[in-house]
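Shown next, in structure tokens, is the structure this report addresses.
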Amino acid sequence: MNGAASRRARSTWPRPVMHGRDAELATVEALLDGARAGRSAALVVRGEAGIGKSALLGHATAEAADMTVLAQTGVETESELPYAALHLLLKDVTEGADDLPEAQAGALRAALGLAAAGPPPDRFLVGLAVLTLLAELACDRPVLCVLDDAHWFDRASAEVLLFVARRLEAEAVVMIFAARTRHAPAFPAPGLAELSLPRLDDVAARCVLDAAADDLPRHVREQLLREAAGNPLALHELPAAHRAGRAPVYPLGPPEAGRGGSAPTHSPVEREFAARIAALPERVRTLLLVAAADGTCDTGVVLAAAQRLGCSEADLEAAERARLLMFQEGCLGFHHPLIRTAAYGSATMVRKQEAHRALADVLEGRPDVDRRNWHRAAASIGPDEDVAAALEESARGATDRGSNEASAAAYERAGSLSPDPQRRARRLAAAAQAAADAGHRDWAAALAVEAGKHARDQVHLARLAMIHARLADEVNRPEETHRLLLEAAVPAAAVAPELTAEMLMWAIEAGWSARDRDMIDRVLAAVDHMGLPTAVHIRALAAVAVAQLADDDAALPAAVEGLRQLVVCHGSGAPRVTATLAAWHLALGDHVTAHELAAAAERECRTRGAQGVLPRVLAVLAIGRWHLGRWHDATSAAAEGLQIARDIGQEQAVGELCAVLSHLAAVEGDEVRLTSILAEFDGRRPPRGFPEVAASARSLLDLGLGRFGSAADRFAELVLHPSHRQSLPDLVEAAVRAGQVELACDAAARFERWADHVGQPWARAVALRCRALVEPGDRAGRWYAEAVAQHRLDGTRPFERARTELLYGEWLRRDRRRAQARSPLRSAYATFEELGARPWAERARAELRATGESRTGTPQPGPDLLSELTPQELQVVRLAAGGLSNRDIGARLFLSPRTVGYHLYKAFPKLGVTSRAQLVRLDLPA
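Numbering (this note's numbering), first residue to last: 839 to 1764.
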């Protein structure tokens, strides 16, 4: 890939001798050997400050002399600038973007600020661009990415790099992250292998200390050994501190006396660095402070700012001689991150402000506008509207670039600098909204409370109430959600009718979730006195909710009509609103439109970086995919949403996503997986409705496995809840099989009424199937035939179609029409196999054999051969059979082209083919 692959980024840590780390060194060296063999891997190294994370990364860099090494160290002062870490990591290889697919290249350039202003880049597309770029670099030789102090990476960079790390397979790329475990921001990396570095044992610690302190008396070494407590950096640095007279020793006291034990605010190593800095001349200390405040490795900017404060190049040389700063390949850096912490933390507030002011002055007129704004803010003593307005612009830019975390931080600082209370309230409210969108619940709540102290405008107060309500909703507190919304909506109605209507509809949803009719009635009573132009939509939603809470079907016509009124109201286009609209379509049985809306909401979430909304969107998307027969994609979406929901504490979303996954496990016949999913809330209160979800999933599993009695009992209790009307066909089948004909007839009649009202073709087909199950004689055959014909005309809900075909085939065989039974049974069997519905496929296979058919496959690779493929291989093979190139497939599946090739290489022997052309002839299911 032109000349980029031959370049190597700087290593920020020399390669030391590492005692007591044989196993850890072997792990890292194995990763490098794997890359040389064409395999990829990612690893997160965790441990306290000074434990040897950077040293281990330095060892990896030294061992990778035959590889392309890209290195970046996170910096606290850069953590609010979107894509700052990614920009510095890739700065020497950005010309490789010219070889990427156009969409990926555009997204990467936009993220790195190398393109003209435009819409924010899709976070996934940026990740795919980086993945492809690294894979292309690895075509020449393996690539090692060394990512130190990853806990200080800006969120946008961290998400992209973790996205890449999770998708590495066969690119010959190794990514090693290092993150601190204490006194630092969290660095969650679900799905990646982790290596925890413990403190050194006594033997290894003595080896390190003997090498650094063999000239010191034994009693001093023993005290230093206790003081360091197995921390390698402390073992290296404390002897020098003692020699310089900065480390008092208490040979007769207990280990925790004096400097022994744990310090209240700083580690012994950090205190030692602070002492070394304090012993330097004032101008050298100033230069170190400026370098620490800058946060980049731009020597020109640091030196220019330091010169404004009276420093010179001689002071830079002095800092180098003291082994505090180092200068490599045109880049200025600290020998260890704790030196930066000590240099900045030990300075007075006035000195820090002087350093930031000098840096802001140097950056005047340069492209780094956001960095300059942050330095101006750090230099501000009190409220300053000019600086606040500049930071607000940075916040908008961060939102446009897809980083809600950076946006929230900038809005928060802008708010704190705002002299005017209303502007302060507005900016803090924007910060709270951005933090909530990013999934930071506690931060969002604190910001909303602070904004409320200054807000007087009813619109601002209403928006703050919506943030508090959203946070309550996410942790399954519908009563609190309802109260917050209703209380704020009443005074806001006269000045913000559209916002008020949105709040009241949400309040009805909260009453629906709480199954409290009185909560819904209180909203309707408020609407009657407001004169809102959209009151009809509010009443429509109330009608739907009331019908779902009713004990009978009397309110069903009004509910369906209400839903039809709602789905023509497209709302604001915000992802949360679109997801709600999609959920209403699901309630109408229109999974096709629901899926389209949910897919649009997902794209919008990823574009905006709206992680806080994404779990709910993915839940609706997964349901749509499930009904469309895309079970693997449904599982992927639900699993991703579940991980995010767990990470950000959205209990309600966790319940919704577990519901989807549990039903998928049930239809696949995976009882172990189902039990594991339903154990999510063991030991704590489940979200509302989750016990019914668990009963529904277990009943569906029982039905598939032929345990009809237990299935009928569970379904009979379940469908008493109107929200589970779509489970009525399951009850019909289970009850008929269990000999409970009266129960089956009642359930069939109820479902037929619902199908008539919603008017969905698939629902009419299933209603005909239910009628066939409960009707005797030849009339059943007629209803089955009509049901199958209706399914095939509709072309959706393949699982329901296959169930109808299975029941029809069974009926035909029992009616001694074996030859006629084979066609629907073959179709049912093929569909069940393709979907992965194993117990249902076994039922169809058994029925086929009962008709006298001895084989259930064809010469082409049918379900048995396809079942040999992993879900990823199956996706790749299908797309390759459709004529897509490796790059096109990678863009669809968020894989590198090399990984696509690897999957094809693995899949070809399983399918008995040797080329893409043969894939086309296999007639693979779409």
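The C-beta atom is built at its ideal place from N, Cα and C for all residues, glycine as well.
Using a Cβ-Cβ cutoff of less than 7 Å, which residues in the same chain neighbour Y1798 once the five nearest sequence positions on both sides are dropped? There is simply no residue 1798 to check, as the chain begins at 839 and stops at 1764 in what is shown.
Measuring CA to CA, which of A1248, R1159, F1165 and R1121 is closest to T915? Translated into positions along the sequence shown, residue 915 becomes position 77. Checking every option, the nearest Cα to that of T915 belongs to A1248.
Own chain partners of A1042 with C-beta closer than 7 Å, once the 5 adjacent residues on each side are dropped: In the sequence shown, the residue the question calls residue 1042 occupies position 204. Around A1042: H857 and G858.
Output the boundary residues of the alpha helix (DSSP H) element that contains F1172. Within the sequence shown, the letter at position 334 stands for residue 1172. No alpha helix (DSSP H) holds F1172; the beta strand (DSSP E) holding it covers C1169 to F1172.
Same chain, Cβ closer than 6 Å to R1343, five either side skipped, listed in chain order: Residue 1343 sits at position 505 when you count from the first residue of the sequence shown. The identity of residue 1343 in the sequence shown is Met, whereas the question assumes Arg. Hits under 6 Å: I1376 and L1379.
Looking at A1666 and A1682, is the spacing between their C-beta atoms short of 7 Å? Against the sequence shown, residue 1682 aligns to sequence position 844. Against the sequence shown, residue 1666 aligns to sequence position 828. Cβ distance < 7 Å, so A1682 and A1666 count as in contact.
Applying the 10 Å Cβ sphere with the 16-neighbour rule, what's the burial state of L1090? Your numbering for residue 1090 matches position 252 in the sequence shown. Because L1090 sits at a pLDDT of 30, beneath the cut-off of 50, its placement in the model cannot be relied upon, and the point is left open.
Is it buried or exposed for Q1260, if we count other Cβ within 10 angstroms and need 16 for buried? Here residue 1260 refers to the residue found at position 422 when the sequence shown is read from its first residue. By the neighbour-count rule (16 or more Cβ atoms within 10 Å), Q1260 is not buried but exposed.
Between the Cα of E1192 and the Cα atoms of D1540, V1128, A1116 and L972, which residue gives the shortest distance? If you number the sequence shown from 1, residue 1192 lands on position 354. Comparing Cα positions, the closest option is V1128.
What are the partner residues of R884, as DSSP defines its beta bridges? For the purposes of this step, residue 884 is taken as residue 46 along the sequence shown, with counting starting at 1. The partner list for R884 (beta bridge, DSSP) reads A1017 and S1034.
According to the Cβ coordinates, are F1553 and S1537 closer than 7 Å? By 1-based counting over the sequence shown, the position of residue 1553 is 715. By 1-based counting over the sequence shown, the position of residue 1537 is 699. Contact: yes.
Give the secondary structure of A909 by DSSP, where H, G and I count as helix, E and B as strand, and everything else as coil. Within the sequence shown, residue 909 is the residue found at index 71, counting from 1. A909: strand per DSSP, three-state reduction.
Quick one: grab the DSSP three-state call for C1608. In the sequence shown, residue 1608 corresponds to position 770, counting from 1. It is helical.
Quick check: R1251 and L1229, are their CB atoms within less than 7 Å of each other? Position 413 of the sequence shown, counting from 1, holds the residue named residue 1251. Position 391 of the sequence shown, counting from 1, holds the residue named residue 1229. Yes, Cβ-Cβ distance for R1251 and L1229 is below 7 Å.
Thinking Q1059 and A1051 are a contact (beta carbons under 8 Å), I'd like their distance in whole angstroms, please. Locating residue 1059 in the sequence shown gives position 221, where the first residue counts as 1. Locating residue 1051 in the sequence shown gives position 213, where the first residue counts as 1. It is worth fixing the name first, because residue 1059 is Arg in this sequence and not Gln. Contact holds; Cβ gap of about 5 Å.
Span of the alpha helix (DSSP H), counted from its first residue to its last, around C1135: Numbered from its first residue, the sequence shown carries residue 1135 at position 297. Looking at the DSSP string, C1135 is not in any alpha helix (DSSP H), and its letter there is neither H nor E.
In whole angstroms, give me the CA-to-CA distance for P1221 and S1254. Start at 1 with the first residue of the sequence shown, and residue 1221 comes out as number 383. Start at 1 with the first residue of the sequence shown, and residue 1254 comes out as number 416. Straight-line Cα distance between these residues: approximately 7 Å.
Pair within 7 Å by beta-carbon distance, R1454 and A1491: Locating residue 1454 in the sequence shown gives position 616, where the first residue counts as 1. Locating residue 1491 in the sequence shown gives position 653, where the first residue counts as 1. Yes. Within cutoff.
Only counting the same chain, and skipping five residues up and downstream in sequence, which positions put a Cβ closer than 7 Å to that of D1208? Within the sequence shown, numbered from 1, the residue matching residue 1208 stands at position 370. Within the same chain, D1208 has close Cβ partners L919, S1232 and G1235.
Burial state of I1515, where buried means 16 or more other Cβ atoms lie within 10 Å: In the sequence shown, counting from the first residue as 1, residue 1515 sits at position 677. When all chains shown are included, I1515 counts as buried.
What residue does the alpha helix (DSSP H) around D1153 start on, and which one ends it? Translated into positions along the sequence shown, residue 1153 becomes position 315. Its alpha helix (DSSP H) spans residues E1151 to R1159.
Please classify P1701: does DSSP put it in a helix, a strand, or coil? Numbered from its first residue, the sequence shown carries residue 1701 at position 863. Bear in mind that the predicted position of P1701 carries a pLDDT of just 46, short of 50, making it too unreliable to give a figure here.
Would the stretch 1590–1609 and the stretch 1628–1640 be scored as touching if the rule is three or more Cβ pairs under 8 Å? yes
Is it the case that the Cβ atoms of N1069 and G888 are separated by a distance below 7 Å? Looking up residue 1069 in the sequence shown gives position 231. Looking up residue 888 in the sequence shown gives position 50. Contact: yes.
Would you mind working out which of R993, D987, W990 and D936 sits nearest A967, comparing C-alpha positions? For the purposes of this step, residue 967 is taken as the residue at position 129 of the sequence shown. Nearest of R993, D987, W990 and D936 to A967, Cα basis: D936.
Whole-angstrom distance between Q1756 and A1593, CA atom to CA atom: What you label residue 1593 is simply residue 755 of the sequence shown in a count that begins at 1. What you label residue 1756 is simply residue 918 of the sequence shown in a count that begins at 1. Going from the Cα of A1593 to the Cα of Q1756 covers about 44 Å.
Straight-line gap, E862 to I1482 (C-alpha atoms, nearest Å): Position 24 of the sequence shown, counted from the start, is the residue given in the question as residue 862. Position 644 of the sequence shown, counted from the start, is the residue given in the question as residue 1482. Taking the straight line from one Cα to the other gives about 30 Å.
T1319 to A1345, Cα distance in whole Å? The residue you call residue 1319 lines up with position 481 of the sequence shown. The residue you call residue 1345 lines up with position 507 of the sequence shown. Near 7 Å, if we compare the C-alpha coordinates of A1345 and T1319.
DSSP has L1163 in a bridge; who is on the other side? To locate residue 1163, count along the sequence shown from 1; it is residue 325. L1163 pairs with F1172.
Cutoff 6 Å; reference T1669; Cβ partners in own chain excluding five residues on either side: For the purposes of this step, residue 1669 is taken as residue 831 along the sequence shown, with counting starting at 1. P1636 and A1640.
DSSP three-state assignment for L927, whether helix, strand or coil: For the purposes of this step, residue 927 is taken as residue 89 along the sequence shown, with counting starting at 1. Helix at L927.
Span of the alpha helix (DSSP H) holding L1789? Because the chain is modelled from 839 through 1764, residue 1789 falls outside the range shown and cannot be assessed.
Do L1606 and V1570 count as a contact pair if the criterion is CB distance below 7 Å? Residue numbering aside, residue 1570 sits at position 732 when the sequence shown is read from its first letter. Residue numbering aside, residue 1606 sits at position 768 when the sequence shown is read from its first letter. Not in contact: V1570 and L1606 (Cβ atoms no closer than 7 Å).
Take V883 as the anchor and find which of L950, L869, A1017 and A1432 has the nearest alpha-carbon. The residue given as residue 883 occupies position 45 in the sequence shown. Taking only the C-alpha atoms, the option nearest V883 is A1017.
Kindly list the residues whose CB is nearer than 6 Å to the CB of C1149, restricted to its own chain and excluding five residues on each side of it in sequence; keep chain order. Here residue 1149 corresponds to residue number 311 of the sequence shown, with the count starting at 1. Closer than 6 Å at Cβ, skipping near neighbours: R1121, T1124 and L1125.
With A1143 and L1197 assumed to form a contact (beta carbons below 8 Å), what rounded beta-carbon distance in angstroms separates them? What you label residue 1143 is simply residue 305 of the sequence shown in a count that begins at 1. What you label residue 1197 is simply residue 359 of the sequence shown in a count that begins at 1. The Cβ separation is near 5 Å, so the contact holds.
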